[in-house]
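Below: one structure, written as structure tokens.
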Amino acid sequence: MVSIIGYYTTQFGELWEKSLFSLVGEAIDNVLIESGLEKKQIDAVFFGNMLSGILENNLHASAKIAEILKLNIPIFRVEAACASGGSAFNLAVNYVKSQAAETVLVVGAEKMTDFSPEQVVGGLSAASSGEEQESGLTFPGIYALMAQSYLNKNKTKEEDLACISVKNHFHGSLNDKAHFRRQISVSDVLNSAYVAYPLKVLDSSPISDGASSVIITSNKKIIKKAKKPVMVLASEVVNDTISLKKRKNLDSIEATIIAADKVFKKTGLKRKDITVAELHDCFSIAEIIAMEDIGFWKKGEGASGARAYSTMFGRSDNLVVNTSGGLKSAGHPVGATGIKQLGEIYLQLTGRAEKRQVKGAKYGLAHNVGGSGGTVVITILGN
Amino acid sequence: MTGIVSYGFYIPKYRIKIGDIAKVWGKEEKNISRSLLVKEKTVAGIDEDSLTMAYESSKMAFEGLNIDKKKIGAVYVGSESHPYAVNPTATILAEMLGIRGHYLASDTEFACKAATGAMISGLGMIKSKLTSYVLVSASDKAQSMPHDVLEYTASSASVSLLMGSQDLVLKVLDYSTYSTDTPDFWRRDGIRYPSHGGRFTGLPAYFYHIFNSSSDLLKKTKIKPHQIAHAVFHMPNGKFPIQIAYKLGFDFDQVKQSLVVENLGNSYTASALLGLVSVLEVAQKNDLIFFASFGSGAGSDAFIFQVTDNIDKRRMSLSKKIKNKKYIDYPTYLKFMDTI
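As given, the protein sequences belong to chains A and B, one line each in that order. Mapping of the first sequence onto UniProt numbering: position 293 corresponds to residue 293, and the numbering continues sequentially without gaps. Mapping of the second sequence onto UniProt numbering: position 310 corresponds to residue 310, and the numbering continues sequentially without gaps.
In structure tokens, the structure reads:
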């Protein structure tokens, strides 16, 4: 069984004094220390990153990482929009399973705040269809359309969406690596400026810098030696149409439904067995839709679940969602996000999540979305 | 002792309310005002520019003085909005003031600290007895791109200082300056409006540089913040000067008299100096005044001034001029700024 034997994440936030590759270097150096490995024990590297080609004209990242590591090993750059990190992890797991390597480093990173918001928003739009780009739709606009569809079909108010941000900021206040560590109220969210109706500034994840890394291995000796290994029970990637207009529904992401069914079928676990989950809350509506699509909540019950703060640390009697603060509060350095989600589950399952530790967490799920649902990666970890 | 012999200022009478700008762009006035702590800003008229305003403030600086203008060895004009890219503002200003011939005319540029850097050059010339007087004028008809956040604050004004070594109103006890290559705000040649790095203009730029110049000055003069009567900092908005004041150990009472940004906006090179003018309206002899400018790119010049007996005869009333205003609407503002 492939296992995660170490995790490290840099601070997320506006890290003006750090470049993309200084962040990558920090993430690599420290995950090796966390794992107790020498770099020569790494057989391959998978690197999740979306924007370096667009923003920095910097695409040959595999060679740059070879320069950092001073190793002549296979290194692969993986791009799948905001699911770049999750996809890199999935490929790394399959690479190990196929016995091409035993021990693989997976690092995700993004450097966004050195660029103007216009440049970053333009770059992120590369993850949408050409028609969407030509019509002027940016991701806030795309998710706003999904939110409008959801609100129109279900008895959901903007206040219900706000509860997701309130919960995730509370969790972020407990995570010293989070971009934002202040708690917010429903009225803070409702009084923040509209980005695209019904989504407001405080419904939206930020532009962040950061890098996160994990090391996975199938080497039994290394797993035995590792203090706290966590098993990768299932990891599935599912793709769907890039364009919203080709989807059957706007208030649901089919790729999430399919990927969730696959991982639960493969593991034999039930939804109620999962006690910690990191879901892709790029906007508040995205977490509600993901909760329903994965099957944690029934379709249409998202509003009541959000309003009851039923997945909040300290209030939930079973599943706690986005203990890291999610994308909303922990931040969203695109390529790093999918790895940070897995790392947060790893911390929870190994009892090292400090102030936000969910007691007795045994199985956890990470859900990473690219674009508006064109790529979805769901992974279940267990110990 | 070198210092400032006299000073003058000019603020245009036109004002635009921040709410009137916010309305055009679909923003809530309360959100903008609360975030920037600015209510309205000055706007130079269609027939005004940084040169005409520099002339007005310089003329005021010379009022009541009987000085042989041949003893003015240098005229510096610091601005981000010199009327010409090539053709000095300083020569035109000097000619208008009756200064010509054997003097150094120089236009300076360092974002919002272009004039305070010239003050340091002027101090050097006077201390080394190259000249008796130096005129330094700070003047801006500050540019900002429509819909950019700068549009809520970028304003127009001028302050001029006549520097010398006798009959001073302010003695310069000491200064410190600090610069690094920090690209937080810039305007490329031929580009009409400045660009900026959003929040990057804060911690690594404004706060870092002012803190370094100011803490060095306090250290080398061994003057403690509690000994200072008034503190003045560059005012890109209403929040930053208060925050840096607290960080350096000053309290709100020490900085409040300087906070004219709420009603005048940020007149770039004239911004901090207008704060000094406001302080001089109430300052008493022997008061110590702490002053720090900030220029993007980036640097800060910090000074400690001491008020002399001459303050009562040289005192100017900025507060009266602030009240003399005429509101304009957004289209008129665009016309005055030569945008339409």
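Don't be surprised by glycine CBs; every beta carbon is placed ideally from N, CA and C.
Smallest Cα separation from residue i: which of the options?
i, options, result
"Asp-107 of chain B", "B:Glu-48, B:Gly-98 and B:Asp-140", "B:Asp-140"
"Arg-15 of chain B", "B:Leu-273, B:Val-277, B:Gly-265 and B:His-234", "B:Gly-265"
"Gln-99 of chain A", "A:Tyr-363, A:Ile-289, A:Asp-293 and A:Val-2", "A:Val-2"
"Ala-66 of chain A", "A:Tyr-150, A:Phe-46 and A:Val-166", "A:Phe-46"
"Met-312 of chain A", "A:Arg-356, A:Asp-273 and A:Tyr-150", "A:Arg-356"
"Asn-31 of chain B", "B:Ile-18, B:Asp-174, B:Asn-286 and B:Lys-320", "B:Ile-18"
"Asp-309 of chain B", "B:Leu-274, B:Met-96 and B:Ala-283", "B:Ala-283"
"Ala-83 of chain A", "A:Ala-336, A:Ile-42 and A:Ile-242", "A:Ala-336"
"Asn-49 of chain A", "A:Ser-35, A:Ser-213, A:Tyr-95 and A:Asn-318", "A:Ser-213"
"Ile-293 of chain B", "B:Lys-313, B:Ser-267, B:Thr-2 and B:Lys-285", "Note that residue 293 of chain B is Ser in the sequence shown, not Ile. Among B:Lys-313, B:Ser-267, B:Thr-2 and B:Lys-285, the Cα nearest to that of Ser-293 of chain B is on B:Ser-267."
"Tyr-333 of chain B", "B:Ser-33, B:Glu-40 and B:Ser-35", "B:Glu-40"
"Leu-381 of chain A", "A:Ala-109, A:Gly-364, A:Thr-375 and A:Arg-182", "A:Gly-364"
"Ile-73 of chain A", "A:Gln-11, A:Ile-42, A:Ala-88 and A:Lys-97", "A:Ile-42"
"Lys-113 of chain B", "B:Gly-101, B:Asp-20, B:Asn-87 and B:Asp-301", "B:Asp-301"
"Ile-258 of chain A", "A:Asn-191, A:Cys-282, A:Val-238 and A:Asp-29", "A:Val-238"
"Val-321 of chain A", "A:Glu-301, A:Ala-366, A:Gly-343 and A:Gly-351", "A:Ala-366"
"Gly-78 of chain B", "B:Ser-58, B:Arg-100 and B:Asp-20", "B:Ser-58"
If the criterion is Cβ atoms closer than 8 Å, does the pair residue i and residue j meet it?
i, j, result
"Met-133 of chain B", "Ile-67 of chain B", "Going by the sequence as given, residue 133 of chain B is Tyr instead of Met. Cβ atoms of Tyr-133 of chain B and Ile-67 of chain B: closer than 8 Å."
"Gly-325 of chain A", "Asn-168 of chain A", "yes"
"residue 341 of chain B", "Gln-257 of chain B", "With chain B covering 1 to 340 only, the question about residue 341 of chain B has no answer from this structure."
"Thr-113 of chain A", "Asp-209 of chain A", "yes"
"Ile-184 of chain A", "Leu-202 of chain A", "yes"
"Leu-288 of chain B", "Ile-304 of chain B", "yes"
"Ile-294 of chain A", "Tyr-143 of chain A", "no"
"Ala-85 of chain B", "Ala-94 of chain B", "no"
"Phe-291 of chain B", "Val-232 of chain B", "yes"
"Ser-149 of chain A", "Leu-250 of chain A", "yes"
"Phe-336 of chain B", "Ile-46 of chain B", "yes"
"Tyr-152 of chain B", "Leu-217 of chain B", "no"
"Pro-194 of chain B", "Gln-143 of chain B", "yes"
"Phe-211 of chain B", "His-196 of chain B", "no"
"residue 386 of chain A", "Pro-140 of chain A", "What the structure shows of chain A is the stretch from 1 to 383, and residue 386 of chain A is not part of that stretch, so it cannot be assessed."
"Met-1 of chain B", "Ser-165 of chain B", "yes"
"Ala-211 of chain A", "Gly-108 of chain A", "yes"
"Ala-255 of chain A", "Thr-379 of chain A", "no"
"Ala-126 of chain A", "Ile-54 of chain A", "yes"
"Ala-61 of chain B", "Met-53 of chain B", "no"
Is any beta-carbon of chain B found at less than 8 Å from that of residue i?
i, result
"Glu-278 of chain A", "no"
"Glu-14 of chain A", "yes"
"Ala-144 of chain A", "no"
"Ala-193 of chain A", "yes"
Looking at the unbroken beta strand (DSSP E) that takes in residue i, where does it start and where does it end?
i, result
"Phe-233 of chain B", "230-233"
"Val-358 of chain A", "Unbroken run through Val-358 of chain A: none, as it is neither H nor E."
"Met-337 of chain B", "Neither: Met-337 of chain B is in no beta strand (DSSP E) and is coded neither H nor E."
"Lys-17 of chain B", "14-17"
"Asp-251 of chain A", "Asp-251 of chain A -> no beta strand (DSSP E), and no H or E assigned at all."
"Asn-239 of chain A", "230-239"
"residue 389 of chain A", "This structure cannot speak to residue 389 of chain A, because chain A is shown only from 1 to 383."
"Ser-319 of chain B", "That residue, Ser-319 of chain B, is in no beta strand (DSSP E); its alpha helix (DSSP H) goes 318-323."
Determine the extent of the alpha helix (DSSP H) in which residue i is found, giving its start and end residues.
i, result
"Lys-270 of chain A", "Note, Lys-270 of chain A: premise wrong, no alpha helix (DSSP H); not H, not E."
"Tyr-268 of chain B", "Segment: none, Tyr-268 of chain B is in no alpha helix (DSSP H) and carries neither H nor E."
"Ile-28 of chain A", "20-35"
"Asn-212 of chain B", "208-221"
"Asp-293 of chain A", "284-294"
"Ser-58 of chain B", "50-62"
"Thr-337 of chain A", "334-349"
"Lys-225 of chain A", "220-225"
"Lys-41 of chain B", "First-last for Lys-41 of chain B: 40-43, but that is the beta strand (DSSP E), not the alpha helix (DSSP H)."
"Phe-9 of chain B", "Note, Phe-9 of chain B: premise wrong, no alpha helix (DSSP H); beta strand (DSSP E) at 3-10."
"Leu-161 of chain A", "158-172"
"Asp-312 of chain B", "311-314"
With 8 Å as the threshold, decide whether the Cβ of residue i is near any Cβ in chain A.
i, result
"Arg-188 of chain B", "no"
"Arg-199 of chain B", "yes"
"Pro-204 of chain B", "yes"
"residue 413 of chain B", "Because chain B spans 1 through 340 in this model, residue 413 of chain B falls outside it and cannot be assessed."
"Asn-31 of chain B", "yes"
| said: What ranges does the alpha helix (DSSP H) occupy inside the segment 81-139 of chain A, keeping only unbroken runs of at least 4 residues that lie completely in it? | reply: 84-97, 117-124 and 130-134
* Report the residue ranges of all alpha helix (DSSP H) runs contained in full by the segment 131-175 of chain B; include only those spanning at least 4 residues, in chain order. => none
**Report entry** Residue ranges of each alpha helix (DSSP H) within the segment 238-300 of chain B, 4 or longer
**Finding:** 239-248, 252-255, 261-264 and 271-280
Worksheet item: Mind pulling the beta strand (DSSP E) runs of 3 or more residues that sit fully within the segment 39-81 of chain A?
Response: 44-48 and 75-78
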